[in-house]
Amino acid sequence: MSDQRFAVLDGQLRFYDPNGMLLWSKPGGTIGAPAYFLGLVVYCADGQIQLLNPNNGQQVGASIPYTYVSNNTQYLYTRDSNGITHVFSQLQGLQYLKQAIENHNWDPDKCNVVVSVIDTDGFKDFEAQKDSIVSLLQAHNLKLAVISPPTGLTKSQAGQMIAKNPEGGWWIQTADDMSIPLSDLAKKIIKAVDEDRGADNIVLVGQDAALRANYQDPEEDPATMMTWSFTHDPDKLGDYELVEKADISTLHDTSKTVVPEENQTTLDLTFDQAGTYKVYCKAQDRPNTTEAYREHEKAGNKWSNQDAYITIIAHYKPVASFTITDTTVNKNVPLSIIDNSYDPDLYNPISQATTDPLNQKGLRCWQWQYKKPDGTWESYIRYDNVPPAINAAAGTYQIRLRVQDVFEAWSDWTETKSFNVVNRSPVADFIVNPNPTFTKLSTTITDKSYDPDGEPIVEYKWEIQKASDQTDIFIHTTPDPFGYTWEDTGSYRVKLTVKDPEGATGTAEKIVVVNEAKPPIARISVPNPVYSGEISLMDGRASTAEAPGSTLEWAYWQYKKPGQDWSDTHTQIHGGNFNLPQERWLMFPIYPADNELGQWAVRLVVVDSLGQFSAPAEKTFTVTEGWEITGQIIPEVGERGRNMRIQAYAHRKGKPNEKYQIDSMKAELAYLDAACTKSGRAVAEGIETLNMPYDASKADFRVTYMVREKIYETNRWPADGMYQIKVIGQKGTTRKEIVLPFSIKGNIHQRFYIQTRSW
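Following our numbering, the numbering of the sequence shown begins with 3 at its first residue and continues without gaps.
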C-alpha cells in the first residue's frame, strides 16, 4: 500500500503494518489498487465493494453493489450489471466548498444558499479553512446549509460557521432516504425566500414577475389565446398613499396576449412604476371541430364570459442606513446609533414628507446584526426605529442593518461598520480606620474600589507591609471589610490591586501610621459609709480603655479584710454572666459581717480588647456596724390575764432617729437571765417564739400577747417575778438581738374590791 502497509491473500485477506505486525483479517476477497481511496482500503467480495478502515478493518459506510474497476486516492470506478460505469468521489474538505462559492456567479438580489452534504466525521481542513469560508459567505450574502449525520464533528463544525455567518443557515440530519432532508431544506429555503420578497401579490418595481391564470373549460377545450390588460393607479399602494406620485406605467391601458402552448398560461413581465395595478385576464378556447359543428350558427372560438382580475402592488425596496456617532465607546456604555432608514414609497428623505400613518418612515421592522470579537453574529429584531442599546464586552465589532417595509419586503443589508469597545481599568481605593492607629489594635480595612464600566471586580489582592520589611498577601474575591493588627510601631504601606473580568487591573496604596497603644486605666469609687451586714458595691465604671477603638473586656477584683491578705481574684467578663448578688459589669459587691469591722481594701485591674493590662487601682474604706434594735414592752410590769405589747424597730448604730428597714422581727419569751441562757418557762414547755408583724403606720414591728393565768411550775412563767424577753431582727443573713426586761405581779382578776354601804 502507499503507506508501506501490505496485504496477503491466501484464502483470507490479512493486513499488516510496515513491521509485519498483523492488524486485521477478512475471509476471502481481494483489494483494489495500492492507493487508498479517500484514506480507505477498497475491499471486494461477493460482487460488492466495501470501504474499510486501514487501522482496524471496520467497514465505513454502506456497501457498493457494483463490480470494482479501479481507483486512486480521489476516485473509485465501478461498473454495474448493465455495463454502466459509476464513479464515486467524496469532496470532504472545505476547500471544495470554497471552490464552489468562488466559481459561482451569485445574484445579490436573490436568496442564495450554498449546500454541503457530507457523511463522514467532519471537514478535514476545518481549522485551516473555516475563517475564509465565513468571509466568503458574508461577502456574497449566502446562507449555509450542511446535511450530515448527527454524530461526529460535522454538526458542531457546521454550527460554528453558521453562528459566525451573518446570513445564518441550517444544519440538517442525513437519512437513508435523502429525499427527507432535501425536502426539509427546500421548506427552509422557501420560507427564507418568502421572508425576503414579502407578501403575495406584491412585487418590487423592476422585479421579474410571473402572472399565472387558472384556466378551466367545461368542454375541456384547450385555450388558444389569453389576453392580459392593465390599469395603473400612481397615487396608491393599496390602502397607503405614495409620498410622491409615480409616473404612469407603460403597462397602463395596454394589453398583452399569450398563445398557450401545452396549457402554459403564464405571462412573464416586470412593473416599471410604483403604484396599484389591476390586471385582467380573459381566455379563448379552441374547440375540437367537426363537420356538424362548423355548420352550427354559433360555431367558432369562444372567449371567457368575464375577465378574471387581480390587484398587484408594485413598490420600491426599503433603504437601510445608519450612522455611528462615536466608533470608540467604553464598555457597557450604550452605542450611539442614528437610524436613517426609510421606505421611499412612504417617506421622502429630502423634504421629510411622509404618508406613513405610524410616522415610522414606512418601516415596520428593523433587524440589527452584530459580529462579536469571537466571530459569532448576534441578531436583534425591533419593531420601532429606536436602535437597541448594546452593552458589549471589549473588542472590535461589526454591525449592519436591514429593514422591512409595510409590505414585509426587506431591504438589502447595509455594509458592515466597525466600532471598538474599550474596557477601562477598575479604580482601586480603600480606607483604613483608624489611621493613625495603635499597636495591637484591630484596624478595619474597607474596600472602596469600583469599575467605571459597571463590571464586577473579580479579585482583590492585598499587600500589607509588616515590620522587618515583611509583607502579608491576601487574595480576596469579595469586597468584605476585614481587620488587621500591627504588633509594632512604625509606618506601613498597604497596597490594593483589583482586577476586572477581562484582566484589567487598578492599584492604590496608602501609608498607615502605627503608634504605641496606651494601656487602660482602672478607677474605683467606694461608697461611704460601708456598713456590716449590707451589700456595698465597689464601682469601677470610671475605668477607661485608652487605646482608640479598644474597649474594656475583662475586670479582676480583689479585697482585703482587716488583718488578712488579699482574697482570690474574682473575674468579670464584659457581656458575661454575673453570679454574686447585685453584681454587674465593673460593679463588685462587698458583704462584711459584724465581726469584720475595721479597715478594708479593694483592688481592680482591667484589660482592654488589645489584651493590655492596667496598673492596679486600690481603695481603702472602713466598715462600721450597720444597725441595731431598740424596743420596749408595754406595760413594763404585767399581770396574769392581761395583754402585754412588745414593739421594736431597727435603726443605724447609735442613731435611734435614723430608722432602718429590715426584713423581719420576732420575740422569744421568756428567759430568767439577761444572757438568755436559762429558760423561764416550765420544764415541760419550750421557749415560745412570737412573730412580730411590721406596722407601717407606726414604722415598727409589734405583737400583742395575753399573759396566761395558770401557773404550771413555781417560779416559772407566768409566776410573779422578773423575766427577760429576747427580740431578734433580721435583714438578709444578718441578725441583731436585744433583751427587754419584763415583770409579772399578780393576777388582774384578783384586783377587784367590793365596798358595802348601809343606808
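By construction, the Cβ of each residue, glycine as well, lies at the ideal position given by its N, Cα and C atoms.
Original post:
Can you list, in chain order, the residues of its chain whose CB lies under 6 Å from that of V115, leaving out five sequence neighbours each side?
Top reply: Stepping through the sequence shown from its first residue, residue 115 is reached at position 113. So the qualifying residues of the chain are K145, A147, I191.
**OP:** Taking the CB atoms as reference points, tell me whether D474 and N425 lie closer together than 9 Å.
**Re:** Sequence index remark: in the sequence shown, residue 474 carries index 472 (1-based). Sequence index remark: in the sequence shown, residue 425 carries index 423 (1-based). Their beta carbons are not under 9 Å apart, which means D474 does not touch N425 by this criterion.
Subject >> Residue burial classification, N334 (beta-carbon count within 10 angstroms, cutoff 16) >> reply: Indexing the sequence shown from 1 puts residue 334 at position 332. N334 should be labelled buried.
Subject >> Min CB distance V639 to chain D below 9 Å >> reply: The structure shown contains no chain D, having only a single protein chain.
Original post:
In three-state DSSP terms, what is M724?
Top reply: Along the sequence shown, read from residue 1 onward, the residue named residue 724 stands at position 722. If DSSP states are grouped into helix, strand and coil, M724 belongs with the strands.
Original post:
Measuring CA to CA, which of V685, Y673, P658 is closest to D702?
Top reply: By one-based count along the sequence shown, residue 702 stands at place 700. Per the Cα distances, P658.
**OP:** Check whether the segment 593-608 touches the segment 410-429, counting contact only when three or more Cβ pairs, one atom from each stretch, lie closer than 8 Å.
**Re:** no
Original post:
First and last residue of the beta strand (DSSP E) that includes T507?
Top reply: Here residue 507 corresponds to residue number 505 of the sequence shown, with the count starting at 1. Segment 507-517, the beta strand (DSSP E) holding T507.
**OP:** Decide yes or no for the touch test of the segment 493-513 against the segment 458-468: beta carbon pairs closer than 8 Å, at least 3 of them.
**Re:** yes
Original post:
Is it true that the CB of V136 sits closer than 9 Å to the CB of N167?
Top reply: Taking the first residue of the sequence shown as 1, we reach residue 167 at position 165. Taking the first residue of the sequence shown as 1, we reach residue 136 at position 134. The answer is yes: Cβ separation under 9 Å.
**OP:** Could you name the residues that DSSP lists as bridge partners for H478?
**Re:** Translated into the one-based positions of the sequence shown, residue 478 becomes position 476. Paired residue(s): Y462.
Original post:
Where do the N-terminal and C-terminal ends of the beta strand (DSSP E) with D407 fall, by residue?
Top reply: As a working note, residue 407 is residue 405 in the sequence shown. Where D407 is concerned, the enclosing beta strand (DSSP E) stretches over 397-407.
Original post:
First and last residue of the alpha helix (DSSP H) that includes D235?
Top reply: Here residue 235 is taken as the residue at index 233 of the sequence shown, counted from 1. First-last for D235: 225-235, but that is the beta strand (DSSP E), not the alpha helix (DSSP H).
Subject >> Residues near K238 in its chain [Cβ-Cβ closer than 6 Å; skip 5 each side] >> reply: For the purposes of this step, residue 238 is taken as residue 236 along the sequence shown, with counting starting at 1. Hits under 6 Å: T278.
**OP:** Mind checking which residues open and close the alpha helix (DSSP H) that includes I537?
**Re:** Stepping through the sequence shown from its first residue, residue 537 is reached at position 535. Neither: I537 is in no alpha helix (DSSP H) and is coded neither H nor E.
Original post:
To which residues does DSSP link S353 through a beta bridge?
Top reply: In the sequence shown, the residue the question calls residue 353 occupies position 351. For S353, which the question treats as bridged, DSSP gives no partner whatsoever.
Subject >> Between the CA atoms of D502 and P152 - distance to the nearest angstrom >> reply: Numbered from 1 along the sequence shown, position 150 holds the residue referred to as residue 152. Numbered from 1 along the sequence shown, position 500 holds the residue referred to as residue 502. If I take the Cα positions, the gap works out to 39 Å.
Original post:
With C-beta atoms as the reference, is V261 less than 9 Å away from M228?
Top reply: Position 259 of the sequence shown, counting from 1, holds the residue named residue 261. Position 226 of the sequence shown, counting from 1, holds the residue named residue 228. Against a cut-off of 9 Å, the Cβ pair of M228 and V261 comes out as a contact.
Original post:
Hey, would you say A285 sits closer than 9 Å to A188, going by beta carbons?
Top reply: The count along the sequence shown starts at 1 and reaches residue 285 at position 283. The count along the sequence shown starts at 1 and reaches residue 188 at position 186. It is not a contact, given that the beta carbons lie outside the stated cut-off.
Subject >> C-alpha gap between D178 and A212, whole angstroms >> reply: Residue numbering aside, residue 178 sits at position 176 when the sequence shown is read from its first letter. Residue numbering aside, residue 212 sits at position 210 when the sequence shown is read from its first letter. One C-alpha to the other measures close to 37 Å.
Subject >> A276 to P236 span [Cα, whole Å] >> reply: Within the sequence shown, numbered from 1, the residue matching residue 276 stands at position 274. Within the sequence shown, numbered from 1, the residue matching residue 236 stands at position 234. Whole-angstrom Cα-Cα distance: 7 Å.
Subject >> Span of the alpha helix (DSSP H) around A165 >> reply: The count along the sequence shown starts at 1 and reaches residue 165 at position 163. It spans 156-166 - the alpha helix (DSSP H) in which A165 sits, taken as one unbroken run.
**OP:** Would you identify the three-state DSSP class for V709, choosing helix, strand or coil?
**Re:** As a position in the sequence shown, residue 709 is number 707, starting the count at 1. V709: coil per DSSP, three-state reduction.
**OP:** Report the partner residues of E630 according to the DSSP bridge assignment.
**Re:** Stepping through the sequence shown from its first residue, residue 630 is reached at position 628. Looking at the DSSP assignment, E630 forms a beta bridge with H653.
Subject >> Inter-residue spacing [alpha-carbon to alpha-carbon] between L269 and Y282 >> reply: Along the sequence shown, one-based indexing puts residue 269 at 267. Along the sequence shown, one-based indexing puts residue 282 at 280. The alpha-carbon atoms of L269 and Y282 are separated by roughly 12 Å.
**OP:** Assign F128 to one of three DSSP states: helix, strand, or coil.
**Re:** Your numbering for residue 128 matches position 126 in the sequence shown. DSSP places F128 in helix when its eight states are reduced to three.
Original post:
Which residues bound the beta strand (DSSP E) around E690?
Top reply: Position 688 of the sequence shown, counted from the start, is the residue given in the question as residue 690. Per DSSP, E690 belongs to the beta strand (DSSP E) from 690-693.
Subject >> Length of the line joining the Cα atoms of G30 and T87 >> reply: Numbered from 1 along the sequence shown, position 28 holds the residue referred to as residue 30. Numbered from 1 along the sequence shown, position 85 holds the residue referred to as residue 87. When rounded, the distance between both Cα atoms is 25 Å.
**OP:** For the beta strand (DSSP E) holding K668, just list the boundary residues, first then last.
**Re:** Walking along the sequence shown from the start, residue 668 turns up at place 666. First-last of the beta strand (DSSP E) with K668: 666-673.
Original post:
Going by beta carbon distance, what residues of the same chain come within less than 8 Å of Q6, once the five residues before and after it are set aside?
Top reply: Here residue 6 is taken as the residue at index 4 of the sequence shown, counted from 1. Result list for Q6: P20, in chain order.
Original post:
How is E598 classed by DSSP in three states: helix, strand or coil?
Top reply: The residue labelled residue 598 in the question sits at position 596 within the sequence shown. Helix at E598.
Original post:
When the distance is taken between beta carbons, is S451 closer than 9 Å to I508?
Top reply: In the sequence shown, the residue the question calls residue 508 occupies position 506. In the sequence shown, the residue the question calls residue 451 occupies position 449. The residue asked about is misnamed: residue 508 is Gly in this sequence, not Ile. Against a cut-off of 9 Å, the Cβ pair of S451 and G508 comes out as a contact.
Original post:
For W602 versus G535, is the C-beta distance shorter than 9 Å?
Top reply: Mapped onto the sequence shown, residue 602 falls at position 600. Mapped onto the sequence shown, residue 535 falls at position 533. No; because the gap between Cβ atoms is not below 9 Å, this pair is not in contact.
**OP:** Just list the beta strand (DSSP E) runs in the segment 34-104, keeping only unbroken ones of 3 residues or longer that don't cross its boundaries, in chain order.
**Re:** 43-47, 50-54, 69-73, 78-81, 87-90
Subject >> Segment contact, 8 Å Cβ cut-off, at least three pairs: the segment 399-412 with the segment 479-486 >> reply: no
Subject >> Which of helix, strand or coil DSSP assigns to Q140 >> reply: As a position in the sequence shown, residue 140 is number 138, starting the count at 1. Three-state result, Q140: helix.
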